[in-house]
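In what follows, a structure is listed as structure tokens, so that the remarks can point back to it.
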Amino acid sequence: MTGAAGGGAILEVHALHVTYESAGRTVHAVQDASLSVAEGEAVGIAGESGCGKSTLARVLLGLVPARIAQIRNGRIAIGGVDVTGFAGRDWERVRGQPVAIVFQDPLSFLNPVMRVGDQIGEAVRRHDPAATVPARSAELVDLVRLPRSALRRYPHELSGGMRQRVMLAMALGCRPRLLVADEPTTALDATTEAEILTLLRELRRELGMAMLLISHDLGVLRWNCDRIYIMYAGHTVESGATAEVLSHPAHPYTRGLAAAARLARLPDGHFAMIGGDVPRLERPARLCPFLSRCDAAMARCHEAMPPASPAGANGHRARCWLVAPAHREAI
Amino acid sequence: MLRYLGARLAWAAAMVLGIAIVAFLITHLLPGNPVDALVGDFPAPPEYVSKVRHLFGLDQPLPVQLWLYLINMAHGNLGFSFLSRQPVLSLVLARAGTTLLLMVPSLILASLIGVAMAVRAAASHGRMLDSALTAVSLVGYSIPVFWLGQILVVIFAVDLGWLPAEGIRSLREPGSGIGAVLDFLRHFALPAFCITVYYLAVVARVARSSMVEMLHQDFVLTARAKGLSERAVLWRHVLRNGLIPVITVIGYNFGYSLTGAILTETVFAWPGLGGLFVTAIANRDYPVLSGIFLLAAIAVVLANLATDLLYAAVDPRVRIAAAVRA
């Protein structure tokens, strides 16, 4: 499933299959994920926890140790450079610049014994050698709407929202062309979450950088992303323009997710939710991974993995037999 | 921070006083009578024995002896050695200097090498280098120092004849200037090696597990994601956080800087506190024993104080907690 954007793609992931070793077991965390992000574009990845979103985000920058995680198949290209075979120091060429990342919990992801200013300064020194570090650091805290006094503080002296702004300032200090934001507001309360999301939108407009926003919250993605990918059990199962995908979901999983997000009350008074659990990922799926939870399953689903097929306007595609041409012909 | 420092100092002073009392009492509870040791191993007339007892104040009740001891201590007077009749303070201080000359450089060396080894080991976590360094530190930790010392003497002093077997300087040709320094270093090498190996192992073991733990912290991911080299990640981010528990161990080691070398000093006839200590025990020389206990205790208290302050310097979170508590 490639994205709608043509020309300059800052990120392209094709048919990625990643396994990692956990407690002596092999987990196929990402099995068949394809996505692309064009320069300046905002793209979202949605899915329940444990569907491989965070693994995907970390594999993009080689942040999972090679001893633990392995790319079994597929391809990752950053700014046209194939990074799939990168090892060790190779990764230093793409980390921070052109791709920076902010993580979920800004307290544990900041160095507790280093002043905020030093942590931001480090990013500037590494990627912006022409800049005067103190001046550029001050500029960066202005940019994320933090008081300049924050530079002299330690992470534990700041509130959750301020810490996430520090993470952002640090990422921006690398002058990235793509910002990967892995659940950036999940650890924050609702008001702070809204502030950070507004800030992200403004920064993207000011700096023109692309963003890959990863979230389990469709509401967050709806207002912040041009396009969206729905991930389930390591597969990208649906993609397209955000409004199109969320208002006309084609894949039964997306439908369930959208219903759950609206907290839609069913006629019997219960909240809508998807029954069952995300499947265990100890071996790669041969059939649609959603099959065991799908209420629209048919004979075809038990025979073969559905291909990604057009499912609507604006490059809307889904990996489901409901929209696959073979199925349509059969009808 | 200043109030914190004041509170720590007051606490340290109280500790020293308590230790002085305990040290005084313990030496008096030891079996054996100092008068017997003083008078010698022959039947002395009772008048002579009681004269000696009176001379040293041993005929006074214990609380009175303790009170006098504390009053004198406050004046810097730790009494006189039963044996040599010299003031305890100058006796102990002179020997303590020699001991520190051996211990402090060895402890510093052990701390630096131990931490460096631990960082290297953690960086190659689970691989050959890591296993090798772990094995080395396990061996260093397990070898008894008196055995290692004697083996070193046999190899380097007796067989190869490269280094002197004992003492702190050559008696025949002590040399002067640079020559004296070199002569000292030749005597220093073997005992210092013994001490360094042990403390290095202690530091490296704690530091390695601390560094490995830090390597798995989230902020290390952030540092890598910034595009920092693995070197910068290790030495700038992992090391400083990983050092926090190591400081405790290093501080603890320094607390033993006066008494930690007794066995080594005995093996190499290093004229430090160790020899004085052994002689004092053998002769029931209470004032000297109390003096050594007191000094050793002060060293531990000072080392703990320094550790607390260092903690606050390295970890800003401790500073906050301390300010709140103080």
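These protein sequences, in sequence, are chains E and R. First residue of the first sequence? That's 65 in the working numbering, and the numbers climb one at a time after it. First residue of the second sequence? That's 1215 in the working numbering, and the numbers climb one at a time after it. We put the CB at the ideal spot given by N, CA and C, even for glycine. Because the structure is a prediction, the values reported are computed rather than measured.
Item: Any C-beta of chain E under 8 Å from that of A1540 (chain R); Value: In this prediction, A1540 (chain R) scores a pLDDT of 48, lower than 50, which makes its location untrustworthy; no coordinate-derived value is stated.
Item: Length of the line joining the Cα atoms of A1403 (chain R) and A1520 (chain R); Value: 28 Å
Item: Proximal residues of chain R, C-beta to C-beta of I165 (chain E) below 7 Å; Value: A1439
Item: Extent of the continuous beta strand (DSSP E) to which A102 (chain E) belongs; Value: 89-102
Item: The alpha helix (DSSP H) enclosing V286 (chain E), as first and last residue numbers; Value: Position check: residue 286 (chain E) holds Arg in this sequence, whereas Val was assumed. It spans 282-286 - the alpha helix (DSSP H) in which R286 (chain E) sits, taken as one unbroken run.
Item: Beta-carbon proximity of W1484 (chain R) to P1378 (chain R), cut-off 8 Å; Value: no
Item: For S356 (chain E) and P170 (chain E), the rounded distance between their alpha carbons; Value: 36 Å
Item: Contact set between the segment 1325-1345 of chain R and chain E, restricted to residues whose Cβ is under 7 Å from the partner; Value: none
Item: Spatial neighbours of L252 (chain E) in its chain, beta-carbon cut-off 8 Å, leaving aside the 5 residues before and after; Value: G224, G225, Q228, I260
Item: Sequence-distant residues of the same chain with beta carbon closer than 8 Å to V1514 (chain R), five excluded per side; Value: G1469, Y1470
Item: Residues near I1512 (chain R) in its chain [Cβ-Cβ closer than 7 Å; skip 5 each side]; Value: V1230
Item: Sub-8 Å separation of V180 (chain E) and L204 (chain E) beta-carbons; Value: no
Item: Presumed contact (8 Å Cβ cut-off) between V158 (chain E) and L125 (chain E), rounded CB distance; Value: 7 Å
Item: CB of G1290 (chain R) within 8 Å of CB of P1501 (chain R), strictly; Value: no
Item: Chain R contact residues for F173 (chain E), given Cβ-Cβ distances below 8 Å; Value: D1432, F1433, L1435, T1436
Item: Amino acids of chain E, ordered along the chain, whose beta-carbon sits closer than 9 Å to that of L1442 (chain R); Value: E156, R159, G160, E186, A187, R190
Item: Bridge partners - V166 (chain E), DSSP secondary structure assignment; Value: E:A245
Item: Cut-off 8 Å between Cβ atoms - residues of its own chain near L1223 (chain R), not counting five sequence neighbours on either side; Value: L1519
Item: Residue from R:Y1283, R:A1324, R:I1233 with nearest C-alpha to G1465 (chain R); Value: R:A1324
Item: Under the three-state DSSP convention, the category A187 (chain E) falls into; Value: helix
Item: Proximity of L276 (chain E) and I135 (chain E) at Cβ, strictly below 8 Å; Value: no
Item: Pairwise C-alpha distance: Y1262 (chain R) and H1242 (chain R); Value: 21 Å
Item: Three CB pairs or more closer than 8 Å across the segment 172-189 of chain E and the segment 1437-1447 of chain R; Value: yes
Item: Status (buried if at least 16 other CB within 10 Å, exposed otherwise) for G67 (chain E); Value: With a pLDDT of only 41 at G67 (chain E), under the threshold of 50, the placement of this residue in the model should not be trusted, and no figure is reported.
Item: Chain E within 8 Å of P1459 (chain R), Cβ atoms only; Value: no
Item: Residue from E:T318, E:E346, E:R189 whose Cα sits closest to the Cα of A375 (chain E); Value: E:T318
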